[in-house]
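Numbering (UniProt numbering), first residue to last: 1 to 506. Even for Gly, the Cβ is constructed at its ideal location relative to N, Cα and C. All values derive from a computational prediction rather than experimental measurement. Take a look at the structure set out below.
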Amino acid sequence: MEQEQESHTEQDILAAVDLGSNSFHMIIARLRDGQFQILDRLREMVQLRAGLDKENRLSIEAQDRATACLERFGQRVRDLPYGKVRVVGTNTLRVAENSRDFLRRARLALGHPIEIVTGEEEARLIYLGVAKSLAFDNSRRLVMDIGGGSTEFIIGEGLKGLRRESLEMGCVSFTQKFFPDGQLNDESCQKALLSAAILLRSIQRPYLDLGWQEAVGASGTIRCVANIAKANGWCDDGVITMHALDMILVAMKNAGHTDKLKLDGLSEERTQVLAGGVCVLKAAFERLRIDRMIVSDGALREGLLYDLLGRIQHDDERERTVSALAKRYGVDELHAERVGVMADQLYQQIAIDWQIVGEEFKQRLQWAARLHEIGLAISHDQFHKHAAYLVAHSDMPGFSREEQQSLAALIRAQRRKFPSNYFSELPDELQTTSTRLAIILRLAMVFNRGRSEQADTFVGLEVGTKGLKLSLPEGWLAEHPLTEADLRQERRYLKAIGVKLKITDQ
Numbered sequence: 001m002e003q004e005q006e007s008h009t010e011q012d013i014l015a016a017v018d019l020g021s022n023s024f025h026m027i028i029a030r031l032r033d034g035q036f037q038i039l040d041r042l043r044e045m046v047q048l049r050a051g052l053d054k055e056n057r058l059s060i061e062a063q064d065r066a067t068a069c070l071e072r073f074g075q076r077v078r079d080l081p082y083g084k085v086r087v088v089g090t091n092t093l094r095v096a097e098n099s100r101d102f103l104r105r106a107r108l109a110l111g112h113p114i115e116i117v118t119g120e121e122e123a124r125l126i127y128l129g130v131a132k133s134l135a136f137d138n139s140r141r142l143v144m145d146i147g148g149g150s151t152e153f154i155i156g157e158g159l160k161g162l163r164r165e166s167l168e169m170g171c172v173s174f175t176q177k178f179f180p181d182g183q184l185n186d187e188s189c190q191k192a193l194l195s196a197a198i199l200l201r202s203i204q205r206p207y208l209d210l211g212w213q214e215a216v217g218a219s220g221t222i223r224c225v226a227n228i229a230k231a232n233g234w235c236d237d238g239v240i241t242m243h244a245l246d247m248i249l250v251a252m253k254n255a256g257h258t259d260k261l262k263l264d265g266l267s268e269e270r271t272q273v274l275a276g277g278v279c280v281l282k283a284a285f286e287r288l289r290i291d292r293m294i295v296s297d298g299a300l301r302e303g304l305l306y307d308l309l310g311r312i313q314h315d316d317e318r319e320r321t322v323s324a325l326a327k328r329y330g331v332d333e334l335h336a337e338r339v340g341v342m343a344d345q346l347y348q349q350i351a352i353d354w355q356i357v358g359e360e361f362k363q364r365l366q367w368a369a370r371l372h373e374i375g376l377a378i379s380h381d382q383f384h385k386h387a388a389y390l391v392a393h394s395d396m397p398g399f400s401r402e403e404q405q406s407l408a409a410l411i412r413a414q415r416r417k418f419p420s421n422y423f424s425e426l427p428d429e430l431q432t433t434s435t436r437l438a439i440i441l442r443l444a445m446v447f448n449r450g451r452s453e454q455a456d457t458f459v460g461l462e463v464g465t466k467g468l469k470l471s472l473p474e475g476w477l478a479e480h481p482l483t484e485a486d487l488r489q490e491r492r493y494l495k496a497i498g499v500k501l502k503i504t505d506q
């Protein structure tokens, strides 16, 4: 398989890595005529969730297991170009209090940036992976994915998701909570089923009202249940029924302990987390009135690949999200475009010297320009703070948690005193680049504060040893005294964060 991969150019190869709560997965594919040819799949059961203590801190042992796995994964993808590999962390890394420390190690081990996605974004990517893996028509389907720490539920038609939810219940977390000593009895099973039912109550009514024609399951837990059901003759291949779940529960209780649980189709590594996963699945069957579920091979990592392909082919979900937000809050599109044009003019002049060359930086700057005024929908007073809050707390399909935080920081920093604390809270590798993008946005805002056509003015910007030099046409400042005053105030704001701004029109 390695020889096959090496025979292709790096430009053809894409990879997706899913840092799940139970297992880490990597899929490597070759892009051919707009379609994927899978070259390799790697999976290791890291059990990251098992390393969380009561304070939601990852143990050193769990971090070491994860880092060692990523070093092995890194041997396969380290040399792939930036932007051709997407790596996402899910529930455990969302809740871990010390995830930032671990992510520093993880990025070095793998050689690529790592994104943390929200539960809703995880659900969107799962649905995309499932939808692409099945011969989907436009009938309505329920997709369910049981992870180590959370379970995602999505209703969709074809490739379009209609509703997405992520609930805090997974095969590892439920096994730890309700079967901590490995005892499998009626009492522990009933407690797990009741807890799952309570969580499902929040989505039961709206999901049943929306309805679906077919239920589809993804993830290792659901595939494991399907394998057990088939191997024991409880249902057909690739299908799960309530009868099969009942038979597995009976077998669990008869075994009495996970160490004694022996079932055809059950792998040794899945034995330790089966109980929690089965209880989550059975509760979903009961509460959502599922009679039959088919099993899909597609899941989060396949969704990551297709989402990455969309970005490469200029069909980016994030573009649709930004457009929808701008429309929802009634943004003045002409003004936002003028700010974007000026920001791009400044960016192009200093991107190389400031080491912010790349499509991801250009996009983030333009998205900030397009959304910088959405806070006006709340109030003109402190609108930049309102805008940052809306961006930080909205459901933004396509964006990772870090991308959303960085975009909110840019928008928060568009005017007045520079909020350095916002940027210090970003991941280390985003702090400097985000600060520099924010400075560019601020300067573009200065030249468009009067909502005039000043974006037509050529503004020179260069990076010097002592800071930035801003050059304007001769006599321009005298003709625009208000803008000159704004620039001098901006110079004071930037000086406070250690950036010198020289202004000249000679």
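Only buried fits residue 273, as 16 or more other CB atoms lie within 10 angstroms of its CB.
Annotated as proximal: residue 58 and residue 96, with beta-carbon spacing under 9 Å.
In this structure, the CA atom of residue 465 is about 17 Å from the CA atom of residue 504. With three or more CB-CB distances shorter than 8 Å, the stretch 36 to 56 counts as touching the stretch 65 to 73. In this chain, residue 25 is not harboured by any alpha helix (DSSP H); it is covered by the beta strand (DSSP E) spanning 23 to 32. In the structure shown, the three-state DSSP call for residue 449 is coil.
Cβ neighbours of residue 29 within its own chain (closer than 7 Å, five residues either side excluded): 14, 36, 37, 38, 39 and 305. Under the criterion of beta carbons closer than 8 Å, residue 163 and residue 210 qualify as touching, at roughly 6 Å. In this structure, the alpha-carbon of residue 477 lies about 17 Å from that of residue 342. With a cut-off of 8 Å on Cβ pairs, the stretch 113 to 129 is in contact with the stretch 85 to 96, counting three or more such pairs. Distances from the CA of residue 426 to each of 403, 192 and 123 were compared; the closest alpha carbon is that of 403. Taking every protein chain shown into account, the CB of residue 205 has fewer than 16 other CB atoms within 10 angstroms, so this residue is exposed. If you check the CB distance, residue 240 and residue 293 come in under 9 Å. The Cβ-Cβ distance between residue 142 and residue 155 falls below 9 Å. With contacts defined as CB atoms closer than 9 Å, residue 245 and residue 282 qualify as a contacting pair.
Of the other Cβ atoms in all chains shown, 16 or more fall within 10 Å of the Cβ of residue 448; this residue is therefore buried. Relative to residue 251, the option among 236, 238, 468 and 275 whose CA is nearest is 275. DSSP links residue 214 through a beta bridge to 141. The beta carbon of residue 242 sits closer than 6 Å to the beta carbons of 285 from its chain, once the five residues preceding and following it are set aside; these are given in chain order. Contact check for residue 424 and residue 431: beta-carbon distance about 7 Å, within the 8 Å limit, so the pair qualifies. Inclusion of residue 145 and residue 218 in the CB contact set at 9 Å is warranted, their separation being smaller than that value.
Per DSSP, reduced to three states, the secondary structure at residue 401 is helical. Leaving aside the five residues that flank residue 367 on each side, the residues in its chain whose CB is nearer than 8 Å to its CB run, in chain order, 318, 322 and 407. A check of alpha carbon separations from residue 350 across 441, 391 and 228 identifies 441 as the nearest. As computed with DSSP, residue 460 is found in a beta bridge with 471.
The C-alpha of residue 255 is placed about 43 Å away from the C-alpha of residue 400.
Beta-bridge partners assigned by DSSP to residue 115: 88. By the criterion of at least three beta-carbon pairs nearer than 8 Å, the stretch 215 to 235 is in contact with the stretch 257 to 272.
Rounded to the nearest whole angstrom, the CA to CA distance from residue 389 to residue 167 is 24 Å.
Here residue 260 is not near residue 185, since their CB atoms are 9 Å or more apart. In this structure, residue 93 sits away from residue 108, with a CB-CB distance that is not shorter than 9 Å.
Counted as a single uninterrupted DSSP element, the beta strand (DSSP E) harbouring residue 239 occupies residues 239 to 241.
If you compare the alpha carbons of 84, 347 and 270 with that of residue 434, the shortest gap goes to 347. The alpha-carbon of residue 498 is positioned some 44 Å away from that of residue 126. Residue 411 and residue 188 have their C-alpha atoms roughly 49 Å apart. As computed with DSSP, residue 16 is found in a beta bridge with 27 and 86.
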